[in-house]
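> Following the working numbering, the numbering of the sequence shown begins with 488 at its first residue and continues without gaps.
Sharing a structure below in structure tokens format, with a few things to ask.
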Amino acid sequence: MRSRILTAVCLLFCVCSGAFAQSFDTQGLPPEAYYLVPEFKQGMIYFNGSVPAQGKLNICALDNTLRFIDNSGNELEATNIENVIKVRIDTVLFMRSGGLFYRMYPVRGDIGIALKRDVKFIKEGKTGAYGTSSQTASIRENNSVYADGISYDLHKDKEAKYEIAETLYLYRGDDVYTLNKNNLRRVFPGRKADIDAWFKSGNSLPDTLPETLALLKGWAE
């Protein structure tokens, strides 16, 4: 299936947010916090019922908008993206569900972990924090974020106070589920007895992505 160049057809589904703007205002946030990928990379947009489009892409963590760089180096915002189902940026895959983008960590076939990142500004109080939780965004004090093996200092600009939280969900196909016992049984119907026994033994869902992936891979075998 042929792909189309995103910037060549931008008038069909993309507009610039701000006339002739060279870039968006990151509001004091470093790129590692403002975007879901530390820098713009070549990627592909997959649509429901249409051929893919390619371009230099990223996703804004503040408002979950899809961004791309045009041939003139301008950062544009893709609009009318209701039929976007997935976006690949470099080697990273995101799924779009309920108007939000989730980073995908496959476990088996079309089953895996869907990670949602939330960035919020703090008007008063401590400088932001970073945390990962299996069910709710548990904020833990930390001034660094790790993205693809690289550590970034989140607070070089002390004027921009914010917090970052990541929440882990389950996905199966195009559906996203809260990570809990009932949905684990839904996603892994052949392992219901094992899942019940695991929780009955007093275990609770882990807080970190690596631990959660390891747990799910055991049930996916």
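Where a beta carbon is used, it is the ideal one built from N, C-alpha and C, also for glycine.
These numbers were taken from a predicted model, which means no experiment stands behind them.
Anyone know if the C-beta pair for V571 and F527 falls short of 8 Å?
Locating residue 571 in the sequence shown gives position 84, counting from the first residue. Locating residue 527 in the sequence shown gives position 40, counting from the first residue. Their beta carbons are not under 8 Å apart, which means V571 does not touch F527 by this criterion.
> If you draw a straight line from the C-alpha of V594 to the C-alpha of K573, how long is it?
What you label residue 594 is simply residue 107 of the sequence shown in a count that begins at 1. What you label residue 573 is simply residue 86 of the sequence shown in a count that begins at 1. Approximately 17 Å, taken between the alpha carbons.
> Would you grab the beta carbon distance between R590 and L523 for me? Rounded to a whole angstrom, and I think it's under 8 Å.
Looking up residue 590 in the sequence shown gives position 103. Looking up residue 523 in the sequence shown gives position 36. With 8 Å as the limit, R590 and L523 qualify as a contact, their Cβ atoms being about 7 Å apart.
> So what's L553 in DSSP terms, helix, strand or just coil?
Residue mapping note: residue 553 aligns to position 66 of the sequence shown, counting from 1. L553: strand per DSSP, three-state reduction.
> Going by CA-CA distance only, name the one from D577, R604, G542 that's closest to S559.
Taking the first residue of the sequence shown as 1, we reach residue 559 at position 72. The shortest C-alpha separation from S559 is found at G542.
> Here's a check: name, in chain order, each residue in its chain whose Cβ is nearer than 7 Å to the Cβ of G599, leaving out the five neighbours to either side.
Your numbering for residue 599 matches position 112 in the sequence shown. Result list for G599: M591, Y592, P593, Y658, in chain order.
> Would you list the residues sitting across from P593 in a DSSP beta bridge?
Sequence index remark: in the sequence shown, residue 593 carries index 106 (1-based). Note: P593 sits in a beta bridge opposite G599.
> Between which two residues does the alpha helix (DSSP H) holding A684 run?
In the sequence shown, counting from the first residue as 1, residue 684 sits at position 197. Looking at the DSSP string, the run of the alpha helix (DSSP H) that includes A684 is 679-687.
> Spell out the partners DSSP gives K648 in its beta bridges.
Counting from one through the sequence shown, the residue named residue 648 turns up at place 161. Residue pairing of K648 in beta bridges, as defined by DSSP: absent, with no partner found.
> Would you tell me roughly how many angstroms separate the C-alpha atoms of Y617 and E653, rounded to the nearest one?
Walking along the sequence shown from the start, residue 617 turns up at place 130. Walking along the sequence shown from the start, residue 653 turns up at place 166. Low confidence applies here, because Y617 scores a pLDDT of 42, under 50, leaving its location unreliable and the question unanswered by this model.
> Would you tell me roughly how many angstroms separate the C-alpha atoms of N545 and S688, rounded to the nearest one?
Sequence index remark: in the sequence shown, residue 545 carries index 58 (1-based). Sequence index remark: in the sequence shown, residue 688 carries index 201 (1-based). If you take the alpha carbons of N545 and S688, they lie about 43 Å apart.
> For the alpha helix (DSSP H) that contains P697, what are its first and last residues?
Here residue 697 is taken as the residue at index 210 of the sequence shown, counted from 1. Run containing P697: 696-707, per the alpha helix (DSSP H) assignment.
> Comparing C-alpha positions only, which one of I532, E708, L516, L703 sits nearest to I609?
Residue numbering aside, residue 609 sits at position 122 when the sequence shown is read from its first letter. Looking at I532, E708, L516, L703, the one whose alpha-carbon comes closest to that of I609 is L516.
> Can you grab the Cα-Cα spacing for the pair P539 / F686, in whole Å?
Translated into positions along the sequence shown, residue 539 becomes position 52. Translated into positions along the sequence shown, residue 686 becomes position 199. Roughly 42 Å separates the two Cα atoms.
> Given a cut-off of 8 Å, decide if L666 and L696 are closer than it, judged by their beta-carbon atoms.
As a working note, residue 696 is residue 209 in the sequence shown. As a working note, residue 666 is residue 179 in the sequence shown. No; because the gap between Cβ atoms is not below 8 Å, this pair is not in contact.
> Measuring alpha carbon to alpha carbon, tell me which of T578, I556, G586, M582 ends up nearest N567.
Stepping through the sequence shown from its first residue, residue 567 is reached at position 80. Looking from the CA of N567, the closest CA among T578, I556, G586, M582 belongs to G586.
> When we look at the beta-carbon of T699 and count the other beta-carbons within 10 Å, is it buried (16 or more) or exposed?
Within the sequence shown, numbered from 1, the residue matching residue 699 stands at position 212. Counting Cβ neighbours within 10 Å, T699 comes out buried, since at least 16 surround it.
> CB-CB under 8 Å to F581, same chain, minus the five flanking residues each way: which ones, in chain order?
Here residue 581 corresponds to residue number 94 of the sequence shown, with the count starting at 1. Closer than 8 Å at the Cβ level, and outside the excluded window around F581, lie L523, I546, K573, V574, R575, F588, Y589, R590, M591.
> The alpha helix (DSSP H) spanning P518 covers which residue range?
Working through the sequence shown from its first residue, we reach residue 518 at position 31. Residues 518-521.
> As an exercise, report each continuous beta strand (DSSP E) stretch of at least 3 residues that is fully enclosed by the region 535-581, in chain order.
537-546, 553-556, 562-565, 571-576
> Apply the 10 Å Cβ neighbour rule to K451 and answer buried if 16 or more other Cβ atoms are within range, or exposed otherwise.
It is not possible to answer for residue 451, since the shown part of the chain is limited to 488 through 708.
> Go to V674, then tell me how far its alpha helix (DSSP H) extends in each direction, as first and last residue.
Here the question's residue 674 lines up with position 187 in the sequence shown. Residues 668-674.
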